[in-house]
Structure formats: C-alpha cells, structure tokens
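Enquirer: After the structure tokens below, expect a handful of questions from me.
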Amino acid sequence: MRFKVLGPLEVSTAADARTVTPRAAKVRVVLSTLLVRANEVVSVDGLIDELWGEQPPRTAMTTLQVYISQLRKLLQDVQPELGRDALLTRAPGYLLRVDPGQLDLAVFEDLHRRGREELGQGDYAAAAELQRQALALWRGPLLSDTPHGSLLKSMSVRLAEARIAALEQRVRAELQLGRHQEILGELQALTTELPLHEDFHAHLMVALYRTGRQADALRTFGELRRTLVQELAIEPGRRLQQLHSRILTGDPALLQPAAKRQQRVIVDRPAAATPTDQAPSVSLTLPQFMSVEPYFTGREEQLEQLAGWLRGLPGGGCVQVTGPAGMGKTALAVSAAHRVAELFPDGRVLVGLRDEAGRPLPAERVPHAVLRALGGADRPAPSAAAARDAVHRLTEGRRLLLVLDDAVDAEQLRALLPLPTGCTTLVTGPAVLPGVEGPVLPLEELSPADARELLLTASGRTPSAHQGVEALPDEPEAASAEPAAGDVWDRLADQCERFPGALRAVAQHLALNPHRSPADLAARLSAAGSRPAALRALDEEHGRSLYAAYAAASEEVRRTARLLSLLPPEPFTSADAAVALGVPQQAAEARIRSLVAAGLLATAPDGSVHRFPPLQRLTAAEALGEEEPVRLRAALIRLSEAAADRAESAQRATRVDGLHPLDWFTRRRADLVTLLDRVHGAGLWAHVLRMADAMSAFLEALAAWDAWKHTHTLALDAATRLPDEAARARVLRSLGDLAWQRQRCEEARELYEQVLACPQADDAERSRALAGLADVRLGDGAGSVAAGLVAPALLRASGDVRGRFEAHRVLGLHALDAEGPAAAERHFRECLALAGTLDDRRLEAYARRWLVRLREGSVHPGWTEVRPGVWRGRRTVEAEASARPARRGVPSLR
8 MRFKVLGPLE VSTAADARTV TPRAAKVRVV LSTLLVRANE VVSVDGLIDE LWGEQPPRTA
68 MTTLQVYISQ LRKLLQDVQP ELGRDALLTR APGYLLRVDP GQLDLAVFED LHRRGREELG
128 QGDYAAAAEL QRQALALWRG PLLSDTPHGS LLKSMSVRLA EARIAALEQR VRAELQLGRH
188 QEILGELQAL TTELPLHEDF HAHLMVALYR TGRQADALRT FGELRRTLVQ ELAIEPGRRL
248 QQLHSRILTG DPALLQPAAK RQQRVIVDRP AAATPTDQAP SVSLTLPQFM SVEPYFTGRE
308 EQLEQLAGWL RGLPGGGCVQ VTGPAGMGKT ALAVSAAHRV AELFPDGRVL VGLRDEAGRP
368 LPAERVPHAV LRALGGADRP APSAAAARDA VHRLTEGRRL LLVLDDAVDA EQLRALLPLP
428 TGCTTLVTGP AVLPGVEGPV LPLEELSPAD ARELLLTASG RTPSAHQGVE ALPDEPEAAS
488 AEPAAGDVWD RLADQCERFP GALRAVAQHL ALNPHRSPAD LAARLSAAGS RPAALRALDE
548 EHGRSLYAAY AAASEEVRRT ARLLSLLPPE PFTSADAAVA LGVPQQAAEA RIRSLVAAGL
608 LATAPDGSVH RFPPLQRLTA AEALGEEEPV RLRAALIRLS EAAADRAESA QRATRVDGLH
668 PLDWFTRRRA DLVTLLDRVH GAGLWAHVLR MADAMSAFLE ALAAWDAWKH THTLALDAAT
728 RLPDEAARAR VLRSLGDLAW QRQRCEEARE LYEQVLACPQ ADDAERSRAL AGLADVRLGD
788 GAGSVAAGLV APALLRASGD VRGRFEAHRV LGLHALDAEG PAAAERHFRE CLALAGTLDD
848 RRLEAYARRW LVRLREGSVH PGWTEVRPGV WRGRRTVEAE ASARPARRGV PSLR
C-alpha cells in the first residue's frame, strides 16, 4: 500500500495504484492521525481529542473502536498477508506500522535529512537534488481535505516549516553551485510570499549582487528592514546586517560561489600500482566544514581541554570524545575544530560513520567514506585497501584535521589509521575504543550553569523576560503562581536532566511560542505523564534525538535497555545487570557493550560501572509495557530477591559499600521502595512481603515513617491476597511499632491486639506484640502492668530469642524505676547476651548503652531510651498509682 499525506489524503494499492482512500470523514481523521505518527503509539485520548475536541460524545470510546475496526478491514482487504498486523493495539492506544517507503511524509523527511547532511558536508549538487526530490512530494498543505484537530494542526505547522527549510536549503545549495541567475525569479516570488523570512531575503540579495544588480540587492535589504521595524519593531539580524555591509562595500568574495573557491589539488596515480588494486586517480576538493552549532554554549572547560590536546598532539595523533547519544559530542568536536583552525590550514573534514539508515558503517567502507568526504575520488576505489592508500596519498604532507563522527568499533578506525604525519584525527563515539592511543574526553550532562545558559541563549529569552507579565485569559493563576525567573530556568534544566537534546527542544519551543512563559512550560512538563514524550512533542527535530538511539537499536538491545531500566538510576555493575537480565555476568557484559555501542549507556573510563543518561533511562522504562509479562515478572523476582538478600546481610554488617549500614540504606531507600512498588504492581505477593521484612529494621531505626507506612501497607495487602495469616500478623506488629513510635498509642494498641487475636501468629510475633503493649503501658506509667504482660514470654517462649530480648528490655526499664539500677542491670545483661545470639548489632549496641549508663550512673532523670534510638519522657513508680484504674484486660501469649 501507499499512503500520501503531503496534500489531500490518498491511499492506494502498490500493485495497480488503485485508490482506496476512506470516504468517511472521521475514519480519515483517525487514519491521518495514525499516519503522521506512523510507527508510534497514539493514545486513545489523543485520537478522541483529534476527532471531537473538548466535547466528545459519551460513546466516544465505542465509536473509536468501530473506526479502528473499519481501518483494519480496509488494510486487510487491500493487503491480506500484511494488513492484519499493520494496525496494532498498544497501550495506551494504537500503532500503525508503515514501512518508510510507503508513506510520502517519511520519504520527505528522509530526503530532507540527507539533503541537510550533504549541505553540511559541502556536496551542494547532491544537497540540491535531494531537497528538490523532497519538495516534489508536496501536492498541497498537509492533509488538506481532512479536518484537523490539535495534533494535526501542530503537525501541519511543523511540516510547513520543514518544507520551507527544505526550500531554503535547496536555494542555498543552488547559490553555492553558481546558479544565481536560474533561481533569481523564484527568490523574488518567495520573498513576496514570505516577507519576514530573513534567509530568503539574504539569498535574494546575494543572487542580485552576483548578477550585477548591487543597487537592487541593497534596496531588498531596505524593504525588509522597513517591514520588520513597522510590523515587529525589530531590526534585521546580525548576519543579514553583515551581508548588507559586504554588498555595500562591494566585497569581491561574494561574487564567487563557495564551490568554486575551494582548493583543488591533483594527486597522480602511482606508476607502479597494479591494475587490480591500484589507488584511483584522486583530486582533493576540501569541502566547506560544517558550521558551529548556532546555540552551542557551555562546556568551556571541556572545549579548551580538547583544543589544548589538539594543539599539543604530535602529527598523526588521535583524540576521542565519548558519551551517550545526544550528549553533544559532535557539536563539541566541531567547535573545537573551529577553535584550532589555524593549526590545520589544509582543512578540517567531518565524516559520519553511519549509513543513511543510521547503521554503523562496516570497517571496510570507512576508507571509501573518508575519500568521498575529502572529495578525492574521480572513480570508485576497487577495494578498501585502495581507498585507504588514496586517502593517505591525498593527505600526505598536509596539515589536516579529520573528525570521524560516531565511531562504534575500533575496527572502523583500524581500517584507516594511522594517517600520515601532520594529519590529526578527532573521534567521537559512545565509548572508548580499545587499541586507539591518545587522550579521551568523556561527556556527561551539562552543568547546571551551562544548561541554564543554553536555555536562555537558544530561546532568545532573558532571566527576567517573563517576570511580572500578566496572565493569559485561560491561565488566571499563572502570574501569581510564577516563581522567580532564575528558579524557573533551573527547574526547566532539571526537567531536561541537563540533556543537550532536551534543552534544545525546550528552548526551540519557547523561541517559537513567545507568549508562553518558562513557568507555564515547567508546570506542563511536571504534569506530563511521560516526560520524554512531552519533551519530544515540544520540538520534533531536537526532540527526536531523545528517542533516536533507542528507536534505531535492535530489538535485543531495546529489550536489554528495558530490563536494565528496572535497576536504580545510579551507576550499576555488570553483576547488577546480570541479576536484572537473568544471564551470567560475562553475558551481561556483552549486552552492556551493545548498549554502549548504541549510545544508550555510559561507562566509566575503567569500565567498572555503567549509567543510563536519565532521559534514556526514562525512555526505556516507559517502554516496559512492550516487554513480555513473563520475562518482566522474572526480572522483578530476581531483583527483589537480590535486594532482600542485600538488605538482610546489611543488617549484620559493619560496612556496606564503604558506608555505615544505616547510611547505605538511606541512600538506597527510595530505590528499594520503587522496586517494592513495581513488585506489588506485578502481583508478586510473597516477594513484596520478603522485601518489606528485609527493610523493616532499617525503617524503624531511621524513623522513616512515610516509607515504613507505605511499604507495610502494601505488604499487608499482599499478605491478605495470598492469603498468609502468619505474614499478616508480622506486618500488623510492624505497623503497631510504627504507630507506637509516632506516639499514636491507641492505634498501636489496636494493631498489637490484632496480632494476638490471630491464631496463625507465631511465638515471636506474639512476644513482640505483647512487648509493644507493654511499651504502651510503660508510657502510661503502669510499669507493673507492663512487666506482667511480658513475663509469659520468659516462661512459654524459651526458644523465641527475640521475644526473650523484648521481655528483658521491658523488665529492665520497669526495674530501673521500681528496684534500682542493679536490678535493671541484670536484665540488660541478658539483653546483651540474647542480642549476641541473634547477631543483631543494633540490639547489641542498645544493650551496651544501657549497661554503660547503669554502671556509670548516667541515666537521664527525665528521659529514657525505651527502644533502640527511641526516647520517651520517664514515668516513675509514683505515677503508676494513678495509672492503675485505667488497666485493661490483656490477652495472653497463647
């Protein structure tokens, strides 16, 4: 099938070009929306909004399903073998699978991209032809015969801009080829159609100047300036003003196209070469090096370091810039190349090491790519070796900087390097390439200051641009709720995770929407369910970089990324990855290398740990819905078991990862709670309980009340669903401890009594519940009652070591007031022995502290440490008399 959206909607068969376009308007809207978002999931809400706007009918969901069914029937009738799998249900909506060649929009975007790349490489003829082919696909405005909702309207605006960009780049390439006379009339029409477009006016000025019409070129500038001042109260941009100055002074360099100004050096074929493997006759035509990213900012320290390395390298040296996809490696490399331009008078050449489909170039094709970028092949080289020889002959004796962009394999470089003395190589790629000597500069996210500067520079805003601005009519609270401008820019940078691609998407959106305040955009991003998707939607060109690396990866790599996104966001080891993936560590290391090569993962220089860039991690995590449920559940089981094992062992350790166990848990707490949430969401009830049990002692010791309440509420739900009454009693007792610690004594009493009323509760939980009730009574000043509660634990639960510890603890506290320090000391000595049996360092330290206080006579007169780390005001024996009337009947241990 063939789909056309660049003009009226048209659907036709591939075999006989028979038109099968749906006639019903609403069905056309659904198909159009799915086509402009081809191979992406379009949400049900988005489709309903596109169909009916803000007032959908009550039957909207059912009606949409009918339209989807009609489309599926159409696709299957036309293409039975493929139509069934073309329109898929994918949470939270639908996905239409379309091959790139089937959709004119995809063909246009590919041609436009390739043309832009060729223009950057200086191949103006190829650039002009590619953009000409792209523009020929347009038959009118986007989907001109189909009603537009919000999505299609925004897409129409974006693609109209893309069409103008393709047109502008084609005109620019034509000018570079010296075709100013041929396109003069077209430029005059374009400037009339687009009276505020500075680039077309600049091109018209150049074309007029080259045809000997200097006065008309200057008049064109004056007319544009008057229009800008009258309509927008602004002056023409600096670049246009500089062009005006050059024309005014009669700059002769403007008369000659760039393609004719390039140096051309002939290098003869070696006389002794054999006919089968001889280097081709080559000529060096150094293309114009790509310009610096217009909004490149920040990274001054790295830029200077890179430039310093390039200045200090011996001839033939190599420097690597590494980092995940979208981190700004290419922009930094290009900026560094411009900074040291004086060192390379024979040229600076950028060569991309990926093919048109985004796949890494095979090593044997790298010499051909470099030879082509140098403009040095009059005919194709017969082999990689011949192309390499030709490159070396071209560059021999020259001072040249070769930038090899996006290298993923050391073999790609070995096919070319080393270059002759005097030629330096700057390599960008996702990871350090082994065997390539030279310094390495790893890139991470921008610093907060650099991220903020990039937002301000690229958006054209100033920090105070939106302070004090009145709210728009539909946003009455905006002005009053807006925080300080500096805070807003910092918050936007944080929401972008200081990722260059995301920052540029936000900045471009603000630049194109001057009515929108940074605070409003920050609020919208905060409210978005999917931050990566929201950022991508802001600006298609820059936002696409947030998803490109993941989308271009193989399914195995994407699956690995999805499962590894279950790990905490901090750096992880290959052993951690092996747990998440369910493979041996050696196999996990191989998969990690594939993620690094795909630009989805960053690795420490020593290879010890690995890290997702935050937005790449979020992208992979949001795609977890694509994972097979069985595989996802298995990964969650492995991770929860590993987490529980680690937490349990940490309770008995003196140091964990170089930290005190409580400090270690504090650092990991949020990640453990997130994992427990996922495990509960997957219905893995037994694993929820094990994780909650393993975390319980830490949550209690740290008084992490919110996390304690959250995790154990989920654990109580899990115990109920299993059902497991013994586990339920254990969780209820922990929640009782939480209530007691928060001094909610009545709630604690009720929870402890629920434990004692549970027939399946084991002796340990009964003993601890009785100890909890005893602590409640101690707080009332009823020490004798408390002692009576725990006494059975010493008689009936001799095998329950923790129960005996709690009993002696309560009896020691009561004895301190009722009998004195000596009596209390006997009980706390028992506590110390029992804590040693339990191998519980926290309980052991608690008992030791009490023994020191008792022996040194340093017991605080007004406060007492009732439980480890929990202090309460002391209630003495004298207070007990007033407490006795409140005594309640208490269940026994059995």
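When we follow the numbering used here, the leftmost residue of the sequence shown carries the number 8, and every step to the right adds one. Ideal placement from N, C-alpha and C gives every residue a C-beta, glycine not left out.
#1: Where does Ala22 land, buried or exposed, given buried means 16+ other C-beta within 10 angstroms?
#2: Specify the secondary structure class of Val51 as computed by DSSP and reduced to three states.
#3: Could you spell out where the beta strand (DSSP E) holding Val18 opens and where it closes?
#4: Taking the continuous alpha helix (DSSP H) assigned at Gly743, which residues delimit it?
#5: His617 by DSSP, collapsed to three states: which one?
#6: Indicate whether Leu378 and Arg346 have their beta-carbon atoms separated by less than 8 Å.
#7: Roughly how many angstroms lie between the CA atoms of Cys503 and Thr610, to the nearest whole one?
#8: Mapping DSSP to helix, strand and coil, what is Ile796?
#9: Run through DSSP, which three-state label would Leu696 get?
#10: Assuming Leu16 and Thr153 are in contact, meaning their beta carbons sit under 8 Å apart, how far apart are those beta carbons, in whole angstroms?
#11: Considering only DSSP beta bridges, list what Asp412 is partnered with.
#12: What are the start and end residues of the alpha helix (DSSP H) that includes Thr227?
#13: With a cut-off of 8 Å on the beta carbons, I'd call Asp770 and Val873 a contact; round off their distance for me.
#14: Could you tell me whether any Cβ in chain B is nearer than 8 Å to the Cβ of Val817?
#15: Is it the case that the segment 420-432 contacts the segment 324-332, given that we only count it when at least three CB pairs across the two stretches are under 8 Å?
#16: Counting along the chain, where does the alpha helix (DSSP H) carrying Val564 start and finish?
#17: Is the CB-CB distance between Thr149 and Leu166 below 8 Å?
#18: Pick out the complete alpha helix (DSSP H) segments inside the segment 30-97, 4 residues or longer, and give them in chain order.
#19: Can you find the residues in the same chain that come closer than 7 Å, C-beta to C-beta, to Ile599, ignoring five residues on each side of it along the sequence?
#20: With DSSP collapsed to three states, give me the class of Arg756.
#21: For Pro437, count neighbouring C-beta atoms within 10 Å of its own C-beta (all shown protein chains included) and say buried if the count is 16 or more, exposed if not.
#22: According to DSSP, simplified to helix, strand and coil, what is Arg165?
#23: Report yes if the C-beta distance between Phe672 and Ala657 is below 8 Å; otherwise report no.
#24: According to DSSP, is Thr580 helix, strand or coil?
#25: Residues in its own chain within less than 7 Å of Glu371 by CB, not counting five upstream and five downstream?
#26: Does the Cβ-Cβ distance between Glu242 and Val236 come in under 8 Å?
#27: Taking the alpha carbon of Arg146 as the reference point, which residue from Glu47, Phe10, Leu82, Pro64 has its own alpha carbon closest?
#28: Three or more C-beta pairs under 8 Å: does that hold for the segment 22-40 against the segment 69-79?
#29: Under 8 Å, with one C-beta from each stretch per pair, do the segment 722-736 and the segment 853-863 reach the 3-pair mark?
#30: Got a sec? Which residues, its chain only, sit under 7 Å from Pro63 by beta carbon, not counting five neighbours each side?
#31: Under the rule that 16 or more other beta-carbon atoms within 10 Å means buried, what is Val18, buried or exposed?
#32: Going by C-alpha to C-alpha distance, which of Ala597, Val808, Trp870 sits closest to Thr844?
#33: Mapping DSSP to helix, strand and coil, what is Gln249?
#34: Whose C-beta lies closer than 6 Å to the C-beta of Ala902 among residues of the same chain, with five residues either side of it excluded?
#35: Drop a sphere of 10 angstroms on the beta-carbon of Ser865, count the other beta-carbons inside from all chains shown, and report buried for 16 or more, exposed for fewer.
Expert: Based on what the coordinates show:
#1: Start at 1 with the first residue of the sequence shown, and residue 22 comes out as number 15. So Ala22 counts as exposed.
#2: Taking the first residue of the sequence shown as position 1, residue 51 is located at position 44. Correct three-state label for Val51: helix.
#3: Position 11 of the sequence shown, counted from the start, is the residue given in the question as residue 18. It spans 17-19 - the beta strand (DSSP E) in which Val18 sits, taken as one unbroken run.
#4: Numbered from 1 along the sequence shown, position 736 holds the residue referred to as residue 743. Segment 732-748, the alpha helix (DSSP H) holding Gly743.
#5: Counting from 1 along the sequence shown, the entry for residue 617 is found at position 610. Here His617 sits in strand by DSSP.
#6: Along the sequence shown, one-based indexing puts residue 378 at 371. Along the sequence shown, one-based indexing puts residue 346 at 339. The answer is no: Cβ separation not under 8 Å.
#7: Here residue 503 refers to the residue found at position 496 of the sequence shown. Here residue 610 refers to the residue found at position 603 of the sequence shown. When only Cα atoms are considered, Cys503 and Thr610 end up about 21 Å apart.
#8: Reading the sequence shown from its first residue, position 789 is the one you call residue 796. One point to set straight first is that residue 796 is Leu, not Ile, in the sequence displayed. In the displayed model, Leu796 falls within a helix according to three-state DSSP.
#9: Within the sequence shown, residue 696 is the residue found at index 689, counting from 1. In the displayed model, Leu696 falls within a helix according to three-state DSSP.
#10: Indexing the sequence shown from 1 puts residue 16 at position 9. Indexing the sequence shown from 1 puts residue 153 at position 146. Yes, they are in contact, since the Cβ atoms of Leu16 and Thr153 sit about 5 Å apart, within 8 Å.
#11: Position 405 of the sequence shown holds residue 412. In DSSP, Asp412 forms a bridge with Gly359.
#12: The residue given as residue 227 occupies position 220 in the sequence shown. Per DSSP, Thr227 belongs to the alpha helix (DSSP H) from 221-239.
#13: As a position in the sequence shown, residue 770 is number 763, starting the count at 1. As a position in the sequence shown, residue 873 is number 866, starting the count at 1. A Cβ-Cβ distance of about 23 Å is found for the pair Asp770 and Val873, leaving them out of contact under the 8 Å criterion.
#14: In summary, chain B is missing from the structure at hand, where a single protein chain is found.
#15: Yes: the two stretches touch, three or more of their Cβ pairs being nearer than 8 Å.
#16: The residue labelled residue 564 in the question sits at position 557 within the sequence shown. Where Val564 is concerned, the enclosing alpha helix (DSSP H) starts and stops at 562-571.
#17: Residue 149 sits at position 142 when you count from the first residue of the sequence shown. Residue 166 sits at position 159 when you count from the first residue of the sequence shown. Reading the sequence as shown, one finds Leu at residue 149 and not Thr. For Leu149 and Leu166, yes; Cβs fall inside 8 Å.
#18: With a minimum length of 4 residues, the continuous alpha helix (DSSP H) runs that stay inside the segment 30-97 are 32-43, 51-59, 67-85, 87-90.
#19: Here residue 599 is taken as the residue at index 592 of the sequence shown, counted from 1. Within the same chain, Ile599 has close Cβ partners Ser581, Ala584, Leu608, His617.
#20: Within the sequence shown, residue 756 is the residue found at index 749, counting from 1. Residue state, collapsed to three classes: helix.
#21: Residue numbering aside, residue 437 sits at position 430 when the sequence shown is read from its first letter. By the Cβ-count criterion, Pro437 is buried, with 16 or more other Cβ atoms from all chains shown falling within 10 Å of its own Cβ.
#22: As a working note, residue 165 is residue 158 in the sequence shown. Note: Arg165 maps to helix in three-state DSSP.
#23: What you label residue 672 is simply residue 665 of the sequence shown in a count that begins at 1. What you label residue 657 is simply residue 650 of the sequence shown in a count that begins at 1. With contacts defined as CB atoms closer than 8 Å, Phe672 and Ala657 qualify as a contacting pair.
#24: Locating residue 580 in the sequence shown gives position 573, where the first residue counts as 1. Thr580 falls in the coil class under three-state DSSP.
#25: Stepping through the sequence shown from its first residue, residue 371 is reached at position 364. Exclusion of the five residues before and after Glu371 leaves Ala391, Ala422 as the residues of its chain whose Cβ lies within less than 7 Å of its Cβ.
#26: The residue labelled residue 242 in the question sits at position 235 within the sequence shown. The residue labelled residue 236 in the question sits at position 229 within the sequence shown. Closer than 8 Å, so yes.
#27: Here residue 146 corresponds to residue number 139 of the sequence shown, with the count starting at 1. Nearest option by C-alpha distance: Phe10.
#28: The segment 22-40 makes contact with the segment 69-79: 3 or more CB pairs, one atom from each, lie closer than 8 Å.
#29: Output reads no: the segment 853-863 does not touch the segment 722-736.
#30: Residue numbering aside, residue 63 sits at position 56 when the sequence shown is read from its first letter. So the qualifying residues of the chain are Ile55.
#31: The sequence position of residue 18 within the sequence shown is 11, counting from 1. Buried: at least 16 other Cβ atoms inside 10 Å.
#32: Your numbering for residue 844 matches position 837 in the sequence shown. Closest option to Thr844, Cα to Cα, is Val808.
#33: By one-based count along the sequence shown, residue 249 stands at place 242. Here Gln249 sits in helix by DSSP.
#34: Lying before the first or after the last residue shown, residue 902 is absent from the chain, which here runs from 8 to 901.
#35: Position 858 of the sequence shown, counting from 1, holds the residue named residue 865. The residue is exposed, with fewer than 16 neighbouring Cβ atoms inside 10 Å.
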